[in-house]
Amino acid sequence: MAGGILILSSDTGGGHRSAAQAITEAVARLGGPPVEMVDALAQGRFPVNCSPRLYALTTLYAPSLWGWAFHLTNAPLRTRFVLRTISLFIEKNLKELLQEKKPEAIVSVHPLINQAVAGAMGEVGSEAPFIIVGTELINVHRAWACPGARYYLMPTRQAKEALLRYGVPEEKVKLIGPPLKPAFSEEKRSRAELKGALELNPTRPVVLFVSGGEGTGRVHDFVQALAGAGLEMQLLVITGRNRKLKARLDEIRFAFPARVYGFVEDMPALMHAADLIVTRAGSITVSEALACALPLVFTGALPGQEEGNIEWVVGAGAGRVAETPPHLVAVLRELLADEEALAKMSERAASLIKRCAVWEIAAFIINAAREASKR
-19 MAGGILILSS
-9 DTGGGHRSAA
1 QAITEAVARL
11 GGPPVEMVDA
21 LAQGRFPVNC
31 SPRLYALTTL
41 YAPSLWGWAF
51 HLTNAPLRTR
61 FVLRTISLFI
71 EKNLKELLQE
81 KKPEAIVSVH
91 PLINQAVAGA
101 MGEVGSEAPF
111 IIVGTELINV
121 HRAWACPGAR
131 YYLMPTRQAK
141 EALLRYGVPE
151 EKVKLIGPPL
161 KPAFSEEKRS
171 RAELKGALEL
181 NPTRPVVLFV
191 SGGEGTGRVH
201 DFVQALAGAG
211 LEMQLLVITG
221 RNRKLKARLD
231 EIRFAFPARV
241 YGFVEDMPAL
251 MHAADLIVTR
261 AGSITVSEAL
271 ACALPLVFTG
281 ALPGQEEGNI
291 EWVVGAGAGR
301 VAETPPHLVA
311 VLRELLADEE
321 ALAKMSERAA
331 SLIKRCAVWE
341 IAAFIINAAR
351 EASKR
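The sequence shown begins at -19 in the working numbering and counts up one residue at a time.
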């Protein structure tokens, strides 16, 4: 690709990759320039190139360590030190990438690469617009604020306000909405029709249990508790890339119809078919659920960037918390027996975000690229 749009991300969790894919699809469907996605951390030198794997292991086995690191580094001097250190391992590769591709616009959906991108742009003399698309909803780390960025496209008012507190000029920050795949806002079929298409009982509620891209959290314990609870529901469990977890869940005998999936590509259809979702509080998963007007039941949050999401959704009346397996059984039993309460939660969920924001994000990026190409 010579020219076009370069989107930089990393597979530290599934949310950043999902955001990059959503923007790529929307740009293509709007007839924009060609797009290339690059995992900037994985393309760097050791040990930074191990970041995706290290993130998966840390969040799976030592989430409190991740939370400690998030809060410890969320201060001006510490953030600067961390980002400069990361730049030592990825900036050279980014410079070579920019010299080869000569993009008309550069987009980042990951906070840890932004300073390195700005540094590489300065080294090669790139004047392409550098646009940061935020993915976090409430707890926004200071690393998202990069002096070299031209624009920030943020998903919520709270995220925008965080950047302003970090000193980003207000004229650079646009409140647009989360970068979700177009399918989350384009589904025209009713919930009953989708259940039928998935060979589910259209008259029986569907609970979608999402454990995240890496299958984090005490998923087995929660699902085991649900399996014998005698709830009037159908259960769909998504284990992501955690094959061992899927194998363990496949051995459970359920007292109601249940399916266990690994990594799935049709998450929009599954969410639109569901009556409520059980999940941890990852920002992209929460945004997707809200876009589908799904009531949320939270089983926990990754310390750091996810904690504020629970308070926000529950405070708005769109979610509940169930941090233990017995509590989850009790909450689901209560909600599934109260259609009116579920309907109200669904309405409140739908009101929290702009579900089709990816089109506005893509159009903004396309316009910035075209303006740059005229110079």
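Idealized CB from N, CA, C, for every residue including glycine.
Everything numeric in this text was worked out from a predicted model, so none of it was measured.
Mapping the DSSP letters down to three states, classify residue i as helix, strand or coil.
i: Met251; result: helix
i: Lys154; result: strand
i: Ser263; result: helix
i: Gly295; result: helix
i: Val240; result: strand
i: Tyr131; result: strand
i: Ile86; result: strand
i: Asp230; result: helix
i: Val120; result: coil
i: Thr115; result: coil
i: Val148; result: coil
i: Ser(-11); result: strand
i: Thr65; result: helix
i: Gly288; result: helix
Shortest alpha-carbon distance to residue i belongs to which of the options?
i: Thr304; options: Glu351, Ala281 and Lys175; result: Ala281
i: Ala356; options: Pro135, Tyr35, Ile93 and Pro149; result: Here the chain has residues from -19 to 355 only, and residue 356 is not among them.
i: Gly147; options: Leu155, Met325, Ile156 and Ala125; result: Ala125
i: Glu320; options: Ala36, Ala302, Ala298 and Leu332; result: Ala298
i: Ser106; options: Glu80, Ile66 and Ile118; result: Glu80
i: Arg300; options: Cys272, Thr259 and Ala330; result: Thr259
i: Thr115; options: Pro27, Arg313, Ala129 and Thr136; result: Thr136
i: Pro43; options: Tyr241, Glu268, Phe236 and Arg198; result: Arg198
Is it buried or exposed for residue i, if we count other Cβ within 10 angstroms and need 16 for buried?
i: Tyr131; result: buried
i: Leu160; result: buried
i: Asp230; result: exposed
i: Ala98; result: buried
i: Trp48; result: exposed
i: Glu71; result: buried
i: Arg233; result: exposed
i: Phe189; result: buried
i: Asn289; result: buried
i: Pro109; result: buried
i: Asp246; result: exposed
i: Thr183; result: exposed
i: Asn181; result: exposed
Enumerated in chain order, which unbroken segments of the alpha helix (DSSP H) with a length of 4 residues or greater are wholly contained in the region 167 to 226?
171 to 177 and 199 to 207
May I ask you to verify whether the region 335 to 348 touches the region 282 to 290, counting CB pairs closer than 8 Å and requiring at least 3?
no
I want to know whether the region 95 to 111 touches the region 261 to 277 - three or more CB-CB distances under 8 Å.
no
Note down, one range per segment and in chain order, each alpha helix (DSSP H) of at least 4 residues found wholly within the region 9 to 52.
31 to 41
Quick test of the definition: if touching needs 3 or more C-beta pairs under 8 Å, does the region 328 to 337 touch the region 154 to 170?
yes
In the region 299 to 332, which residue ranges form an unbroken beta strand (DSSP E) of at least 3 residues, counting only runs that do not cross its ends?
299 to 301
Taking contact to mean 3 or more Cβ pairs, one atom from each stretch, closer than 8 Å, check whether the region 82 to 92 and the region 253 to 266 are in contact.
no
Report yes or no: do three or more beta-carbon pairs, one from the region 68 to 82 and one from the region -7 to 12, lie closer than 8 Å?
no
Does the region 30 to 41 come close enough to the region 2 to 13 to have 3 or more Cβ pairs within less than 8 Å?
no
Determine contact between the region 305 to 313 and the region 200 to 208, defined as no fewer than three beta-carbon pairs at a distance below 8 Å.
yes
Examine the Cβ distances between the region 309 to 323 and the region 215 to 226 and report whether three or more of them are shorter than 8 Å.
no
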